[in-house]
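*Asks:* With our numbering, the residue at position 130 of the sequence shown is 185, and numbering never jumps. Note that CB positions come from ideal geometry on N, CA and C, so glycine has one too. As the structure is a computational prediction, the values presented were derived from the model and not from experiment. Shown below is the structure under consideration.
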Amino acid sequence: MTKTAIPDLWDDKIAATLSEPGLLLYRSNLLGSDLRITNFGGGNTSAKVKMADPLTRKEETVLWVKGSGGDLGSMKLDGFSTLYLDKLEALKGLYRGIAHEDEMVDYLPHCTFNLNPRAASIDTPLHGFVPALHVDHMHADAVIAIAAAKDSEKLTREVFGDDMGYLPWQRPGFDLGLKLGEMAAKNPHFVGVVLGAHGLFTWDKTAKESYQTTLRIINKAADWLEEHRAKPAFKGKRLMPEIRGRISKDERKIGHFTDAPEVLDFVNSKALDELAPLGTSCPDHFLRTKIRPLVLPFDPKANNIDEVISGLDATLEAYREDYAAYYERSKQANSPKMRDANAVIYLVPGVGMLSFAKDKATARIASEFYVNAINVMRGASGVSEYVGLPEQEAFNIEYWLLEE
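Below you can see the structure in the form of structure tokens.
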């Protein structure tokens, strides 16, 4: 077991006082409180609960699932969508194939139980179609390190044996929900599935068992990475105002700085120039950080800070031009207009990482997400070869109309 294993914080005395929805909330808050389990705002949980229909009083199976928006660690009961499970299942008869994937989102409100105003997320079918009472979907760094590796399917089998399945990268939605449900139904011994370049789904019979299964799988991944990492880990105060002034012309920016050990390992490593351009893999990461960071040409040995600052205009403009070219290469007829082309994440060898956003909280969260991405790249590169999402697939996620 690694020295930093995620602890089991479940308290049976607290749990004994809670209803089934209350147990789901308790589990969700515990899982969301540790960034090693999932990033801020990322991941979702669900429970299938027997409840009386408010009109007929007939007992129905209701899917309680984290809705759109919010954060697992701090959400309340009103953060869950509630849907009639049989109506959600009935949508399978309306599905016209992956080319018509987006239209299925418009059907979800018709499945709402008890006039709940919380909108269902695109991950709802993935929870509903798994034949288990309790389901967790997490973006754990240790698992995404395996999911983002070049040979992720092979590594999944090597790490988890026959406990876990594997599905290659696919945009979340109805079709992926069907595939996940089918895999779970055909393999009743599975306790979960690794989603390539995305994250982790796990499930179990009770809220407590689901929580503990999720922790066990994440800790197992972390232990395996620690044991098998054959390659070494990724071995200015003046810069922040200079960058901020140049990128705040159209929109005010606030900066955040971190020199956490994992960040310094990354920015000081020989792998920086190789890995940074590959971009992040997990969609939740690059939606906050843009797909690629900007690596500033600072040389700690030469201490060439004056040279870096004098060339900053050209460096920033080159990034903006590269981002605009990425947008032009990838845009579709119905794509939203190009967003701010400035970088969010700035990596400085020997110094650390700067992040900029509209406010301090958003800048800090973007920084935390890129630390997640660093952990993923480090883990994947330590046991295999890290691969980012293909550029077009990344663009489709970043500029997905349903996420606007």
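Just to confirm, is the Cβ distance from ALA204 to GLU446 under 8 Å?
*Replies:* no
*Asks:* Please report the residue range of the beta strand (DSSP E) in which ASP259 lies.
*Replies:* 254 to 259 is the span of the beta strand (DSSP E), which, as asked, contains ASP259.
*Asks:* Would you list the residues sitting across from GLU114 in a DSSP beta bridge?
*Replies:* ALA107
*Asks:* From the DSSP output, read off the bridge partner residues of GLY407.
*Replies:* Answer is VAL403, bridged to GLY407.
*Asks:* Could you have a look at PHE135 and say whether DSSP puts it in helix, strand or coil?
*Replies:* strand
*Asks:* Using DSSP bridges, identify the partner residues of TRP119.
*Replies:* ALA102 and THR137
*Asks:* In the structure shown, what three-state DSSP assignment does PHE312 receive?
*Replies:* strand
*Asks:* Name the residue from THR335, ILE153 and ASN169 whose alpha carbon lies nearest to the alpha carbon of TYR25.
*Replies:* Outside the displayed span of the chain (56 to 459) sits residue 25, for which this structure offers no information.
*Asks:* CB-CB under 8 Å to LEU233, same chain, minus the five flanking residues each way: which ones, in chain order?
*Replies:* LYS147, TYR150, PRO180 and PHE184
*Asks:* Return the CA-CA distance between ILE400 and ILE273, expressed in angstroms with no decimal places.
*Replies:* 27 Å
*Asks:* Could you check what DSSP says for ASP377 in three-state terms: helix, strand or coil?
*Replies:* helix
*Asks:* Is the distance from the Cβ of HIS253 to the Cβ of ALA202 below 8 Å?
*Replies:* yes
*Asks:* Would you mind listing the alpha helix (DSSP H) stretches within the segment 328 to 371 that are 4+ residues and don't spill past its ends, in chain order?
*Replies:* 338 to 344 and 360 to 365
*Asks:* Within the same chain, show all residues whose beta-carbon is closer than 6 Å to that of ASN397, passing over the 5 residues directly before and after it, in chain order.
*Replies:* ILE302
*Asks:* Please classify PRO287: does DSSP put it in a helix, a strand, or coil?
*Replies:* In this predicted model, PRO287 has a pLDDT of only 41, less than 50, meaning its place in the structure is not dependable; the value taken from the coordinates is given anyway. Reduced to three states, the DSSP call for PRO287 is coil.
*Asks:* Decide if the segment 240 to 258 is in contact with the segment 170 to 177; the criterion is three or more beta carbon pairs, one per stretch, under 8 Å apart.
*Replies:* no
*Asks:* Apart from the five residues on each side of it in sequence, which residues of its chain come closer than 7 Å, Cβ to Cβ, to PHE353?
*Replies:* ASN359, ILE360, VAL363, VAL403, PRO404, GLY405 and VAL406
*Asks:* Alpha carbon to alpha carbon, what distance is there between TRP258 and MET462?
*Replies:* The question about residue 462 has no answer, for the chain in this structure spans 56 to 459.
*Asks:* Ordered along the chain, which non-local residues of its own chain (more than five positions away) have a Cβ less than 8 Å from that of ILE331?
*Replies:* Residue 331 is actually Ala in this sequence, not Ile. Only ARG347, PRO348, VAL350 and LEU402 meet the Cβ criterion.
*Asks:* Determine the extent of the alpha helix (DSSP H) in which TYR507 is found, giving its start and end residues.
*Replies:* Residue 507 cannot be examined here, being either before or after the span of the chain that is shown, 56 to 459.
*Asks:* Would you kindly check if the distance between the Cβ of ALA379 and the Cβ of GLY310 is under 8 Å?
*Replies:* no
*Asks:* Would you list, in sequence order, the uninterrupted beta strand (DSSP E) runs of no fewer than 3 residues that lie entirely inside the segment 220 to 274?
*Replies:* Segments of the beta strand (DSSP E) lying fully in the segment 220 to 274: 247 to 250 and 254 to 259.
*Asks:* Given that a residue counts as buried once 16 or more other Cβ atoms are within 10 Å of its Cβ, and exposed if not, what is SER207?
*Replies:* buried
*Asks:* Could you check where the beta strand (DSSP E) with HIS192 kicks off and where it finishes?
*Replies:* 189 to 193
*Asks:* Quick check: LEU327 and GLY437, are their CB atoms within less than 8 Å of each other?
*Replies:* Taking the C-beta atoms as reference points, GLY437 is found no nearer than 8 Å to LEU327.
*Asks:* Near TRP224, which residues of its chain fall below 8 Å by C-beta distance, leaving aside the five closest residues on each side in sequence?
*Replies:* The beta carbon of TRP224 sits closer than 8 Å to the beta carbons of LEU250, GLY251, ALA252, HIS253, LEU444 and GLU448 from its chain, once the five residues preceding and following it are set aside; these are given in chain order.
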